[in-house]
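**Student:** Position in the sequence shown (from 1) plus 1128 gives the number in our numbering. Questions regarding the structure given below will be posed in turn.
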Amino acid sequence: MRWRKRGLIYAPDGARPWAQSHAMLPTPMLVAGDRIRLYIGCCNQDRVSRIGFIEVDAQDPMAVLRIGEDPVLEIGEPGCFDDNGVVPSSIVRRGDELWLYYVGFQLGVHVRYLLFSGLAISHDGGESFQRYSRVPVMDRCEGETLVRTAPFVLPEAEGFRMWYLGGDSFELIGDKLLPRYSLRHLWSPDGIVWGPAGKVLIEPGCDEHGFGRPQVVRDPEGYRMWYSSRRRGLGYRPGYADSNRWPTTISAMTP
């Protein structure tokens, strides 16, 4: 499969103090049939991210129809796992509620930062979210002491599946210490209690040191997953894997 770049959809214009730069981890949700709402992480002047959204035309996603004025989710309280930034990762409809799984950033001392995953719930159609808990739903465990992040959650008949990134080490890449993690899978009966370290599906290759958030669909042949591969000296490249052969295929992206 080959992809074709369409160009920039949105970048903050600096008019909102909480959104001076970045539009990270766009997380889509169909709204009213003719619009796609993209939840995004935007940074203030201190590069601390909060979650907001834009809406685009479902038939022409390059056309921005609405920009949210305020964050739908603020950063956490001082000392909490998400006190230095939050970005969206996955959104799930549960009756009249929307469940937003998100990534929380916390600065470290001996490592640059820690990444764990929280849950926030909306009762007003996604205009605002409230934390399910001040602690992560994906907290540290053995083998995933520094990173349990970037979850994609898929509801199924008997529960929930999650694909996510987990790891417990940093390595020097160029002049930066960056986390090293693998792509993993977990099952939950309720979407809240996820248990200890998940099954490793894909380990970083010799020139990789991590992956970006996966996106998964299910069809009659199994599960199909798209994600990004973080490679030394090359940045991010799109990748693909499926449940019949989890080893990856890195796709070219044409101009």
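Just so you know, even glycine gets a beta-carbon here, dropped at the ideal spot from N, CA and C.
Compute the beta-carbon to beta-carbon distance between L1274 and P1307, rounded to the nearest angstrom, for a pair I have assumed lies under 8 angstroms.
**Tutor:** Taking the first residue of the sequence shown as 1, we reach residue 1274 at position 146. Taking the first residue of the sequence shown as 1, we reach residue 1307 at position 179. With a Cβ gap of about 6 angstroms, L1274 and P1307 count as contacting.
**Student:** CB G1196 to CB F1181, shorter than 7 angstroms?
**Tutor:** Position 68 of the sequence shown, counted from the start, is the residue given in the question as residue 1196. Position 53 of the sequence shown, counted from the start, is the residue given in the question as residue 1181. Yes, they are a contact pair.
**Student:** So for Q1187, helix, strand or coil by DSSP?
**Tutor:** Sequence index remark: in the sequence shown, residue 1187 carries index 59 (1-based). Coil.
**Student:** Would you grab the beta carbon distance between V1220 and V1281 for me? Rounded to a whole angstrom, and I think it's under 8 angstroms.
**Tutor:** Here residue 1220 refers to the residue found at position 92 of the sequence shown. Here residue 1281 refers to the residue found at position 153 of the sequence shown. The Cβ separation is near 5 angstroms, so the contact holds.
**Student:** My parser needs the alpha helix (DSSP H) runs of 4 or more residues fully inside the segment 1225-1313; what are they?
**Tutor:** Entirely contained in the segment 1225-1313, not one alpha helix (DSSP H) run reaches 4 residues.
**Student:** I1330 lies in the beta strand (DSSP E); which residues open and close that run?
**Tutor:** Taking the sequence shown and counting its residues from 1, one reaches residue 1330 at position 202. Element bounds for I1330: K1327 to I1330.
**Student:** By the 10 Å Cβ neighbour count, where 16 or more other Cβ atoms means buried, how is E1272 classified, buried or exposed?
**Tutor:** In the sequence shown, the residue the question calls residue 1272 occupies position 144. The residue in question, E1272, is buried, as its Cβ has 16 or more Cβ neighbours within 10 Å.
**Student:** Counting only the same chain and skipping the five closest in sequence on each side, list residues whose C-beta sits under 8 angstroms from that of S1245.
**Tutor:** Numbered from 1 along the sequence shown, position 117 holds the residue referred to as residue 1245. So the qualifying residues of the chain are S1217, Y1229, Y1230, V1231, G1232, P1264, V1265, M1266, R1276, T1277, A1278, P1279 and Y1292.
**Student:** Please list the segments of the beta strand (DSSP E) lying wholly inside the segment 1134-1207, counting only runs of 3 or more residues, in order along the chain.
**Tutor:** Taking only runs of at least 3 residues, the beta strand (DSSP E) segments lying wholly in the segment 1134-1207 are 1149-1159, 1163-1171, 1177-1185 and 1192-1195.
**Student:** Could you check whether V1159 and N1212 sit closer than 7 angstroms to each other, using their CB atoms as the reference points?
**Tutor:** Taking the first residue of the sequence shown as 1, we reach residue 1212 at position 84. Taking the first residue of the sequence shown as 1, we reach residue 1159 at position 31. Cβ distance not < 7 angstroms, so N1212 and V1159 don't count as in contact.
**Student:** Look up R1360 in the DSSP assignment and say whether it is helix, strand or coil.
**Tutor:** Reading the sequence shown from its first residue, position 232 is the one you call residue 1360. Of the three classes helix, strand and coil, the one that applies to R1360 here is coil, per DSSP.
**Student:** Looking at the structure shown, is R1130 part of a helix, part of a strand, or coil, going by DSSP?
**Tutor:** Walking along the sequence shown from the start, residue 1130 turns up at place 2. Coil, per DSSP.
**Student:** Among R1259, G1319 and R1132, which has the Cα closest to the Cα of G1287?
**Tutor:** On the sequence shown, residue 1287 is found 159 positions in, with the first residue counted as 1. Considering only alpha carbons, the answer is G1319.
**Student:** Can you name the start and end residues of the beta strand (DSSP E) that P1216 belongs to?
**Tutor:** Locating residue 1216 in the sequence shown gives position 88, counting from the first residue. Counting along the chain, the beta strand (DSSP E) containing P1216 begins and ends at V1214 to R1222.
**Student:** Helix, strand or coil for F1339? Go by DSSP, reduced to three states.
**Tutor:** The residue given as residue 1339 occupies position 211 in the sequence shown. Of the three classes helix, strand and coil, the one that applies to F1339 here is strand, per DSSP.
**Student:** Within 10 angstroms of the Cβ of D1210, are there 16 or more other Cβ atoms? Answer buried if so, exposed if not.
**Tutor:** Within the sequence shown, residue 1210 is the residue found at index 82, counting from 1. By the 10 Å Cβ count, D1210 comes out buried.
**Student:** By how many angstroms is the C-alpha of Y1260 removed from the C-alpha of R1268?
**Tutor:** Sequence index remark: in the sequence shown, residue 1268 carries index 140 (1-based). Sequence index remark: in the sequence shown, residue 1260 carries index 132 (1-based). Their backbone Cα atoms lie some 18 angstroms apart in a straight line.
**Student:** For N1172, which residues of its own chain have a beta-carbon under 7 angstroms away from its beta-carbon, when the five flanking residues on both sides are left out?
**Tutor:** The residue you call residue 1172 lines up with position 44 of the sequence shown. Counting only Cβ-Cβ distances below 7 angstroms, and skipping sequence neighbours, we find P1145, W1146 and Q1148.
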